[in-house]
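Asks: Heads up, the sequence shown stops at 162 in my numbering, and the numbers go up one at a time, no gaps. Cβ coordinates follow ideal geometry from the N, Cα and C atoms, glycine included. The following block contains the structure, expressed as structure tokens.
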Amino acid sequence: MTISLKKATYIEHATLIEAIFSDLKQYNINVAGCHNPIEATTEFFHAKPASVSNENKHSFIAFYNDIPIGIIDIINHFPFDKTSYIGLFAILEQYQGKHVGKRIFTTLEVLCKKTLHTHTLRLGVKKSNPVNGFWEKMGFTLISVKEDAYVMEKDII
């Protein structure tokens with residue numbers, strides 16, 4: 006089983022990302038609420054806090070044996086220096102529960118540590134999306150509860 010992450014760009018990969026969003030049916034129900042795949046793709050590539058520069062926004066496609074099965078969005082140095090915020094980590098449903106997500110996350114963790122020089126990973130999990138267990142298995146701990154989300158972190162230094 007080969008896992009790889011490829012940097013995604015809007016010009017080269019928008020159609021592929023749109024197809025992945027179309028297949029993320031449970032994600033669309035739990036998180037986005039019947040999200041339009043075209044709008045979701047545009048948001049995936051361009052949404053970021055105003056204080057974040059474009060060079061700190063990273064979009065990836067996750068491959069399993071050269072098959073695109075997921076998408077990942079990272080904002081580096083957010084909300085603090087040496088912290089990378091995982092804005093989206095979505096794996097196609099047919100690959101969930103098979104330890105593929107764990108292998109993709111491990112690959113992402115190494116990339117963040119070695120390439121982005123990250124010391125801490127942070128993410129928010131919408132309360133409507135029951136994936137806290139996965140993130141706890143990956144070593145994340147709950148640091149705060151917001152109105153609609155759980156904020157989790159993991160130190161990777």
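Leaving out the 5 sequence neighbours to the left and right, which residues in its chain are closer than 8 Å to V57 when beta-carbon positions are compared?
Replies: Contacts found: I80, H82 and F83.
Asks: Roughly how many angstroms separate the alpha carbons of I96 and H104, rounded to a whole number?
Replies: If you take the alpha carbons of I96 and H104, they lie about 11 Å apart.
Asks: Roughly how many angstroms separate the alpha carbons of T47 and T20, rounded to a whole number?
Replies: One C-alpha to the other measures close to 11 Å.
Asks: Can you grab the Cα-Cα spacing for the pair G75 / I66, in whole Å?
Replies: If I take the Cα positions, the gap works out to 6 Å.
Asks: With DSSP as the reference, identify every bridge partner of R127, one or two as the case may be.
Replies: The partner list for R127 (beta bridge, DSSP) reads Y90 and E158.
Asks: What separation, rounded to the nearest whole angstrom, lies between the Cα atoms of V156 and I72?
Replies: So the two alpha carbons sit approximately 31 Å from each other.
Asks: Going along the chain, which unbroken runs of the beta strand (DSSP E) with 3 or more residues stay wholly within the segment 41-73?
Replies: Listed in chain order, they are 62-69.
Asks: Classify I109: buried if its beta carbon has 16 or more other beta carbons within 10 angstroms, exposed otherwise.
Replies: Label assigned to I109: buried.
Asks: When the cut-off is 8 Å and only beta carbons count, does I80 lie next to chain C?
Replies: The structure shown contains no chain C; it holds only a single protein chain.
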